[in-house]
Amino acid sequence: MKAVLCKAFGTAETLVLEEIASPTAKKNEILLQVHAAGVNFPDTLIIEGKYQFKPPFPFSPGGEAAGVVTAVGEKVGHLKVGDRVMALTGWGSFAEEVAVPAYNVLPIPATMDFTSAAAFSMTYGTSMHALKQRAQLQPGETLLVLGASGGVGLAAVEIGKAMGARVIAAASSADKLAVAKAAGADELINYSETSLKDEIKRLTDGNGADVIYDPVGGDLFDQAVRSIAWNGRLLVVGFASGRIPELPVNLTLLKGAAVVGVFWGSFAQRQPQDNAANFQQLFAWFAEGRLKPLVSRTYPLAEAARAIDELGQRKAVGKVVVQVR
Numbered sequence: 001m002k003a004v005l006c007k008a009f010g011t012a013e014t015l016v017l018e019e020i021a022s023p024t025a026k027k028n029e030i031l032l033q034v035h036a037a038g039v040n041f042p043d044t045l046i047i048e049g050k051y052q053f054k055p056p057f058p059f060s061p062g063g064e065a066a067g068v069v070t071a072v073g074e075k076v077g078h079l080k081v082g083d084r085v086m087a088l089t090g091w092g093s094f095a096e097e098v099a100v101p102a103y104n105v106l107p108i109p110a111t112m113d114f115t116s117a118a119a120f121s122m123t124y125g126t127s128m129h130a131l132k133q134r135a136q137l138q139p140g141e142t143l144l145v146l147g148a149s150g151g152v153g154l155a156a157v158e159i160g161k162a163m164g165a166r167v168i169a170a171a172s173s174a175d176k177l178a179v180a181k182a183a184g185a186d187e188l189i190n191y192s193e194t195s196l197k198d199e200i201k202r203l204t205d206g207n208g209a210d211v212i213y214d215p216v217g218g219d220l221f222d223q224a225v226r227s228i229a230w231n232g233r234l235l236v237v238g239f240a241s242g243r244i245p246e247l248p249v250n251l252t253l254l255k256g257a258a259v260v261g262v263f264w265g266s267f268a269q270r271q272p273q274d275n276a277a278n279f280q281q282l283f284a285w286f287a288e289g290r291l292k293p294l295v296s297r298t299y300p301l302a303e304a305a306r307a308i309d310e311l312g313q314r315k316a317v318g319k320v321v322v323q324v325r
């Protein structure tokens, strides 16, 4: 099979496309024929050795995929050959086939195509877990989404609206904000032209945001944590800015606020029943047309490195997908 390989830590341009042996499914795994693979921020980190997981070389990046089950391990009972599924792989999806633990695999709704499915699991799974379990977002609360035009950001905008929140979308350009507006955002903040802190204060009558969804970190975190409401919750989702911020903890004391970590991959493994319930709700909202995964660009497998580089340079709007078949 063909696979995009990382043979040493480095930038996306060091990745190579090669022919390698197909994997086999262990007792608790399925073998997935990959049709499409989502590109996510961890892909930019894992190839440079900056992610919390460091697979042995050579490995293929790609943390999520959609395709067809071609083999099933003897201990797998809920999946069968021929099933259309989405899978959380961690790495390995930028290849024609990948072996995946069965607990990380979900059937795709009949109305969902492979490209949408490849853009769905990580972004919507992360944002649903963040807003439901970690923030316990309530109808009528104000949700501020930073990096609102990215994959997880747009998912947070849509899910926040579905949960009944007032959503303020923040991004770095008018074009990106237009995408967030189309996804349902009620208010918009262009933080490249104005003070994020001042705009939050203005839009909330000085009260601050009840829940802040932050996949960016850096300077935006510094401003956001000073703009949180009493009993507010700031969700630490990622650090796309490249800087992991530090928190003056007196700010949480003064606001009675909480800074809450979000690690969906670990949640999905530790609380599989809760994760499955989350996806039942997500699939229901998808069927109702309330969730519409935005895939702004697709690349063939041979150009997966370009896809990773586009995301790493924060040029992408919505999701970028590698089309394998």
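Residue numbering for the sequence shown follows our numbering, starting at 1 and increasing by one per position. Ideal Cβ positions, reconstructed from N, Cα and C, are used throughout, including at glycine. The model shown is predicted, which means the values in this text are computed figures rather than measured ones.
Expected contact under 8 angstroms - CB spacing of residue i and residue j to nearest Å
i: G312; j: A12; result: 7 angstroms
i: L235; j: R134; result: 6 angstroms
i: A287; j: P109; result: 7 angstroms
i: G232; j: D210; result: 5 angstroms
i: F53; j: A304; result: Contact flag wrong, Cβ pair sits at about 19 angstroms.
i: V81; j: V34; result: About 15 angstroms separates the two Cβ atoms, so there is no contact after all.
i: V295; j: T115; result: 6 angstroms
i: E187; j: R290; result: Contact doesn't hold; Cβ gap of about 19 angstroms is too wide.
i: N40; j: G63; result: 5 angstroms
i: G160; j: P139; result: That pair is no contact at about 10 angstroms.
Test item: CB-CB of residue i and residue j under 8 angstroms
i: A87; j: L32; result: yes
i: I30; j: L106; result: no
i: A169; j: A180; result: yes
i: P56; j: W91; result: no
i: A25; j: G73; result: yes
i: K319; j: G38; result: yes
i: K75; j: N28; result: yes
i: A36; j: A65; result: yes
i: L253; j: Q223; result: no
i: G190; j: A171; result: Residue identity differs from the one stated: residue 190 is Asn in this sequence, not Gly. Contact: yes.
Residue burial classification, residue i (beta-carbon count within 10 angstroms, cutoff 16)
i: E141; result: buried
i: G49; result: exposed
i: E193; result: exposed
i: I244; result: exposed
i: Q323; result: buried
i: R166; result: buried
i: F9; result: exposed
i: W230; result: exposed
i: P42; result: buried
i: S266; result: exposed
i: K176; result: buried
i: P272; result: exposed
i: T111; result: exposed
i: A174; result: exposed
i: A182; result: exposed
Nearest candidate by alpha-carbon position, reference residue i, set the options
i: A240; options: G153, V320 and V249; result: G153
i: G261; options: N278, L253 and I212; result: I212
i: A3; options: T14, E19 and F9; result: E19
i: T204; options: L144, G10, A21 and S172; result: L144
i: N250; options: R314, I228 and R270; result: I228
i: L282; options: G125, S173 and G10; result: G125
i: A155; options: Y103, D214, V69 and A307; result: D214
i: G151; options: M128, K132, R226 and T89; result: M128
i: D315; options: S149, Q223 and T111; result: Per the sequence shown, residue 315 should be read as Lys rather than Asp. Comparing Cα-Cα distances from K315 to each of S149, Q223 and T111, the minimum goes to S149.
i: T44; options: T14, R226, P23 and G67; result: T14
i: L17; options: L301, E310, A307 and V321; result: L301
i: G218; options: R297, I47 and L247; result: L247
i: Q136; options: D113, G63 and N278; result: N278
i: P58; options: I46, T111, C6 and R270; result: C6
i: K46; options: R325, V321 and I308; result: The sequence shown places Ile at residue 46, rather than the Lys named in the question. Measuring from the Cα of I46, the nearest candidate turns out to be I308.
i: V216; options: V225, G208 and G238; result: G238
i: G256; options: K201, I200, D83 and G208; result: G208
i: A268; options: G77, A130 and S173; result: A130
i: V259; options: K201, V225, G242 and R270; result: V225
i: Q280; options: D113, S121, V69 and T89; result: S121
i: W264; options: K292, R306, G242 and T123; result: T123
i: Y51; options: G242, R84, N275 and T111; result: G242
i: N275; options: G77, K132 and E310; result: K132
i: V321; options: G206, D83 and D113; result: D113
i: M1; options: R84, V69 and E96; result: E96
Residue-level contact to chain D via CB, residue i, 8 angstroms cutoff
i: K319; result: Absence of chain D from the displayed structure is noted, only one protein chain being present.
Complete runs of the beta strand (DSSP E) confined to the stretch 13-40 [at least 3 residues]: 16-19 and 29-39
Considering only residues of the stretch 127-189, which uninterrupted alpha helix (DSSP H) runs meet the minimum length of 4 residues and lie entirely inside it, listed in chain order? 151-162 and 174-182
Identify every run of the beta strand (DSSP E) within the stretch 185-237, keeping only runs that are complete inside it and at least 3 residues long; order them along the chain. Complete beta strand (DSSP E) runs here, min 3: 187-190, 209-214 and 228-236.
What runs of the alpha helix (DSSP H), each 4 residues or longer, lie entirely inside the stretch 34-81? 41-46
List, from N- to C-terminal side, the beta strand (DSSP E) runs of 3 residues or more that fit wholly inside the stretch 234-314. 258-261 and 295-300
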